[in-house]
Amino acid sequence: MTVQSISTPQAVADGQLFVDGKFRASSSGETRDVVNPATEEVICQVAWGTVEDLDDAVAAAQRAFEDESWGGLTPKQRARVLLRVAEAIEDNAEELALVESLDVGKPIAFTRGFDVPSAADLFRYCAGVVEQLEGSARPAGTRSLAYTRREPLGVVGAITPFNFPLNLLVNKLAPALAAGNTFVHKPAEQTPLSSLRLAEIMASAGLPAGVFNVVTGDGATVGAALAEHPGVRKLAFTGATATGKRLIASAASTLKRVTVELGGKGANIVFADADLDAVTQWAFQAAFFNTGQFCMSGSRLLVQRPVYDEMVTRMAAAAGAAAVGDPLDPRTVLGPLAHRAQLERVVEYVAIGEAEGAVLRAGGSKGKQDRGFYHEPTVFADVTPDMRIAQEEIFGPVLSIIPFDTEEEAVAIANGTPYGLAAGLHTADLGRAHRIAARLEAGIVWVNTWSMFENTIPFGGYKDSGYGRELGPEGVEEYLQIKSVVVNVE
Ligand code: NAD
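Using the UniProt record's numbering, you'd call the opening residue of the sequence shown number 1 and step up by one each time.
Have a look at this one:
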């Protein structure tokens, strides 16, 4: 199946980017192939944008911010647009799910069941929040009346990674628009299609020209120019920690606000009193959801020694039995890695794990598919906390299982990496659950579950996993600034 056969999305088929409400070629005329990771076939061409295209997009966003058509809307009017966008996403849900599955290699069951409905829900949630963005009156003596206003920032620039192209865009876009900002997106080189399709859907839902712009292209040129652009008042970045650190430095020259959602190396702690049937399911999902290309994956499973051997056996069996294959088959649980370099990275880390002396208990090779960027779900046992496979983010289907004895030791191992994005624990002891949740250095802690998401629940990093929050009211707050108005009443 090709994208063209599911519909005729103009941008997806024609190698164009989206600026000021219109699809157009890159100013250089250049395009690049977009590759289906399940077949290695070219899906279509995408425009390879330039700094000039980016300047045009920022200028269009600036005009829309100042224009009556967007900047002049009341919160109620903005909310109506966002609700129409939510409906338009739902009207086009099947196609968006297919585009995302083809582009990223995500199983269609997940794009249908999570990525797309969650994106629509977030627009609806943010529409609800818009009208609650109130200021407050402040005590100011007898000579003045003082109150605060929460105002938009202006043009927001967003740079996103390849693994959740639609959701990581919408996590920024929906709250930014709700708050009254306008937006320029630089999607990942490998997976730009859902952003372009969303632009088309949003335009059809009545979003005015210039409010949402997409400049596809290279990180080092278009992405870097977005971070440095003086017309961009906020940069919302999701991606690798090293890239985030570089972008923070380049954004500093224009004093733009920055939020960075970066890498992770989540610890999932299993105590001997936990329900091991349930743990096996959650731990499988934690490690292998999205073929492990998940910043909040539980890629380290810390298991208390009395149940260690049993959990290793269970996890190896679950990995061995997993349905790996065609993302468009509704029974598929693991698709391919999203691009070739990511597969090569996984292969390299499996070799590192073996060389470090970890014991391979499942997977370890590319699997039986003769094409596509597939890798078997892989389980390493007897991993020590200092090994590279326990310290570094692999971003693929590789689980490291580490034994521990005491609560104290579990917390030390869990907190013993530079990252702090997600963590979890499984226990029947309620007191222990709260005690440990408080001690884990992570922006989100799951107890007796993993990756349970709601658009109301904020997430973000501690330590090298970044700062700023997405989702929930906190996620909207990131796109607002406070103004105090003081009136002389004498
Ligand atoms: P990446 O940092 O290589 O790329 C992310 C984006 O940054 C891409 O759009 C890329 O073009 C752009 N980019 C690259 N170099 C740039 C530069 N010099 N200037 C401006 N932009 C540049 O990351 P990736 O490989 O696409 O994604 C994987 C990483 O993303 C992992 O570390 C993962 O943990 C992280 N991630 C974090 C979250 C989160 O919410 N914390 C979510 C998903 C992914």
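No residue lacks a Cβ here, since even glycine has one placed at the ideal position from N, Cα and C.
For residue 117, the uninterrupted alpha helix (DSSP H) run begins and ends at 116-130, by DSSP.
In summary, residue 185 is buried, with 16 or more beta-carbon neighbours lying within 10 Å of its beta-carbon over all protein chains present. Taking a C-beta distance under 9 Å as the contact criterion, residue 265 and residue 299 qualify as a contact pair. Looking at the DSSP output, residue 45 bridges to 33. Ordered by chain, the residues meeting the criterion of a beta-carbon within less than 5 Å of a non-hydrogen atom of the ligand NAD are 159, 161, 162, 188, 219, 220, 223, 224, 238, 239, 240, 243, 261, 263 and 295. Looking at the backbone, the Cα of residue 420 and that of residue 464 are separated by about 7 Å.
DSSP, read as helix, strand or coil, puts residue 289 in helix. Its chain contains 20, 21, 60, 61, 63, 64 and 182 as the residues whose beta carbon lies nearer than 7 Å to that of residue 210, once the 5 sequence neighbours on both sides are disregarded; these appear in chain order.
Residue range 241-251 is occupied by the alpha helix (DSSP H) that includes residue 245. About 6 Å separates the beta carbon of residue 335 from that of residue 106, a gap short enough to meet the 8 Å contact definition. Non-local C-beta neighbours of residue 332 in its own chain, meaning closer than 8 Å and more than five positions away in sequence, comprise 107, 108, 109, 323, 324, 325 and 326, ordered along the chain. Between residue 448 and residue 142, the alpha-carbon positions lie close to 55 Å from each other.
In the structure shown, residue 375 falls within a coil segment according to DSSP collapsed to helix, strand and coil. Separation of residue 272 and residue 446 (C-alpha to C-alpha, rounded to the nearest whole angstrom) is 17 Å. Distances from the CA of residue 360 to each of 373, 147 and 389 were compared; the closest alpha carbon is that of 389. Rounded to the nearest whole angstrom, the C-alpha separation of residue 39 and residue 49 is 26 Å. By the C-beta criterion, the stretch 370-384 is judged to be in contact with the stretch 398-418, since at least 3 inter-stretch pairs fall below 8 Å. Taking a C-beta distance under 9 Å as the contact criterion, residue 195 and residue 161 do not qualify as a contact pair. Sixteen is the threshold: since fewer than 16 other Cβ atoms of the shown chains lie within 10 Å of the Cβ of residue 230, the residue is exposed.
DSSP lists 378 as the beta-bridge partner residues of residue 398. Classified as exposed, residue 310 has fewer than 16 neighbouring CB atoms from the shown chains inside 10 Å of its CB. In this structure, the CA atom of residue 426 is about 7 Å from the CA atom of residue 279. Taking C-beta atoms as the reference points, residue 440 and residue 414 count as a pair closer than 9 Å.
For residue 229, there is no enclosing alpha helix (DSSP H), as DSSP marks it with neither H nor E. In the three-state scheme derived from DSSP, where H, G and I count as helix and E and B as strand, residue 113 is classed as helix. Within its own chain, the residues whose Cβ lies closer than 6 Å to the Cβ of residue 320, once the five positions on either side in sequence are excluded, are 362, listed in chain order. DSSP, reduced to helix, strand and coil, places residue 282 within a helical segment of the structure shown. Between the C-alpha atoms of residue 192 and residue 145 there is a straight-line separation of about 49 Å. For residue 151, the pairing in a beta bridge is given by DSSP as 481.
Contact between the stretch 121-130 and the stretch 166-180 is present: 3 or more CB-CB pairs across the two stretches fall below 8 Å. Closest in alpha carbon position to residue 150, among 443, 404 and 479, is 479. The beta carbons of residue 79 and residue 178 sit closer together than 9 Å. Per DSSP, the unbroken beta strand (DSSP E) holding residue 270 starts and ends at 267-270.
Under DSSP, residue 261 takes part in a beta bridge, and its partners are 238 and 466.
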